[in-house]
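A short worksheet on the structure shown next.
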Amino acid sequence: MNKVFRGIKLNEVKCRGCTQCMNKCPMAAIRLKNGKAVIYEDKCVDCGRCIEACIYNAYEGKRDTIDDIKKFKVKIAVPTVSVFSQFGDYVNPTVIKNAIKSLGFDDVFDTTYACDIASEIIKKEIKKVNKPAISISCPSVEKLIKTSFPALEENIVRVLTPIEISASLIRDEYIKRGYAIEEIGVFHIATCVAWKAMIDMHKNESKTRIDGIIPLSDIYLQLINNIKNNNEEGEKCELSYTGLSWSYPGGLSKSMNLSDYITVDGIENVKDVFEDLMKGKLNGVEFIEGHACYGGCLGGNFLIENAYNAKRITKKYYDEINSTYGVEDISDEYGNEFVKSLRYIKSNEKLAEDFLGAVKKMKEMNEIINNLPGTDCGLCGSPTCKAFAEDVVRGLANIEECRMIK
Numbered sequence: 561m562n563k564v565f566r567g568i569k570l571n572e573v574k575c576r577g578c579t580q581c582m583n584k585c586p587m588a589a590i591r592l593k594n595g596k597a598v599i600y601e602d603k604c605v606d607c608g609r610c611i612e613a614c615i616y617n618a619y620e621g622k623r624d625t626i627d628d629i630k631k632f633k634v635k636i637a638v639p640t641v642s643v644f645s646q647f648g649d650y651v652n653p654t655v656i657k658n659a660i661k662s663l664g665f666d667d668v669f670d671t672t673y674a675c676d677i678a679s680e681i682i683k684k685e686i687k688k689v690n691k692p693a694i695s696i697s698c699p700s701v702e703k704l705i706k707t708s709f710p711a712l713e714e715n716i717v718r719v720l721t722p723i724e725i726s727a728s729l730i731r732d733e734y735i736k737r738g739y740a741i742e743e744i745g746v747f748h749i750a751t752c753v754a755w756k757a758m759i760d761m762h763k764n765e766s767k768t769r770i771d772g773i774i775p776l777s778d779i780y781l782q783l784i785n786n787i788k789n790n791n792e793e794g795e796k797c798e799l800s801y802t803g804l805s806w807s808y809p810g811g812l813s814k815s816m817n818l819s820d821y822i823t824v825d826g827i828e829n830v831k832d833v834f835e836d837l838m839k840g841k842l843n844g845v846e847f848i849e850g851h852a853c854y855g856g857c858l859g860g861n862f863l864i865e866n867a868y869n870a871k872r873i874t875k876k877y878y879d880e881i882n883s884t885y886g887v888e889d890i891s892d893e894y895g896n897e898f899v900k901s902l903r904y905i906k907s908n909e910k911l912a913e914d915f916l917g918a919v920k921k922m923k924e925m926n927e928i929i930n931n932l933p934g935t936d937c938g939l940c941g942s943p944t945c946k947a948f949a950e951d952v953v954r955g956l957a958n959i960e961e962c963r964m965i966k
């Protein structure tokens, strides 16, 4: 049986059964059972809304710690491109890189380089898939398609994320230097909870494997103190402004010079766009760039800075950098190294395995909905009357649990 990976964990001791998380989950993935929240794994996409909603801190993003890097002889950091937006107005990228190294890393890879590589490969791969092509650079968007919109899998541009490309490139470099693959530890300095589930999913892929994620928020105080004490003009650090643009909604599309694209942030909005796509409403759209977090990767729940201010800060770097890595001439052979097969992600449980059985279950579900009050009160432990009816049909709830039916 395939294992389900999730980036969020629930502390039942802290849970008070208050319904805040259940009501705010955009995927209707949370129920209340015996006074405690329960996450339905086949519906959860690790968007992190439950973490934001819970006032009792019962939800937490899974993570690794800075101590975990000590297990490896060579310790490499692959930071999110959003890292440069988190320390106030323009800070020399070399200073930020050195601050990360001061935590015990031997090297810090420039992820903007991998972003430029990914942009060029995506431009080619767009031509090979159904339109509109869909980016899955956001792990939660990939999960959303797999769990709720499997018909859109043929629209997916199956290119590794810049984080995975970075891991592959830096691991290759250190293998060439004579290190054994098990001696090399690659850690992602992450923006959000979704990365943990994605990284755990491919721990057995030796080349693109990432050994752990460290939330930027967990090491922020150490970094900001180091930056304040060492914020002097050092050697110029190469960065790509097109790579930096990946951090905010529309940046990826802009880096590829696309015109007919949609950029959407907020998993609820991404879901709405996909529903419209399924209804045939998005004619003329070439590409969809979706982000689960509002503000894109500048709005992740492992970050500190306000997403809107972070975007302003990011754009200040353009004035200082104004250059790219110039990777336009990527061969098909080289690019194919970074094209992936879809990972296994558990899809929503079917009402029935066969068509006639599903029709029968759907009819039963509609009959239940028609007999429910439609108040979406949540007293039954489901977020809506529709969700409750589905739970009843799937054998996960009893109709008697609706307190409004006399």
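Convert by adding 560 to the 1-based position in the sequence shown; the result is the number in the working numbering.
In this text, a Cβ means the ideal position worked out from N, Cα and C, and glycines have one as well.
For clarity, every value in this text was computed on a predicted model and none was experimentally measured.
C-beta atoms of residue i and residue j nearer than 9 Å
i	j	result
Ser819	Gly811	no
Thr579	Leu570	no
Cys675	Ser815	yes
Val824	Pro809	yes
Tyr650	Lys876	yes
Thr645	Ser807	Here residue 645 is Ser; the residue named in the question, Thr, does not match the sequence. In this structure, Ser807 lies closer than 9 Å to Ser645 by Cβ.
Val638	Ala727	yes
Pro586	Lys839	no
Pro699	Met758	yes
Ser697	Lys603	no
Ala754	Gly567	yes
Val717	Ile636	no
Cys607	Cys581	no
Cys575	Ala618	yes
Met925	Glu950	yes
Pro653	Leu799	yes
Lys622	Lys736	no
Ala597	Glu620	no
Ile686	Glu849	no
Leu842	Leu663	no
Asn790	Val655	yes
Asp771	Asp628	yes
Leu720	Val887	no
Cys945	Glu961	no
Helix, strand or coil at residue i [DSSP, three-state]
i	result
Ile682	helix
Tyr650	coil
Ile873	helix
Lys635	strand
Val953	helix
Ala618	coil
Asp627	helix
Asp667	strand
Val641	helix
Arg963	coil
Ile822	strand
Val655	helix
Asp573	A quick correction: the sequence has Val, not Asp, at residue 573. Coil at Val573, not helix or strand.
Val887	coil
Lys946	helix
Glu864	In the sequence as presented, Glu is not what sits at residue 864; that position holds Ile. Correct three-state label for Ile864: coil.
Gly938	coil
Ile928	helix
Gly856	helix
Val605	coil
Ile773	strand
Val919	helix
Residue range of the beta strand (DSSP E) that includes residue i
i	result
Leu592	590-593
Leu570	568-570
Ala597	596-599
Ala693	693-695
Glu849	847-851
Ala750	744-750
Start-to-end residues for the alpha helix (DSSP H) that takes in residue i
i	result
Ser777	776-790
Phe834	827-838
Leu803	Looking at the sequence itself, residue 803 is Gly, so the reference to Leu does not match. Element bounds for Gly803: 801-804.
Glu702	699-708
Ile611	609-613
Pro722	722-736
Asp760	754-761
Gly811	811-815
Cys581	580-584
Presumed contact (8 Å Cβ cut-off) between residue i and residue j, rounded CB distance
i	j	result
Ile774	Asp670	With a Cβ gap of about 17 Å, Ile774 and Asp670 do not count as contacting.
Cys557	Ser642	Shown here, the chain extends from 561 to 966; a query on residue 557 therefore has no answer.
Cβ-heavy atom distance, residue i to the ligand HEM, below 8 Å
i	result
Arg769	The ligand HEM is absent from the structure shown, which contains no ligands of any kind.
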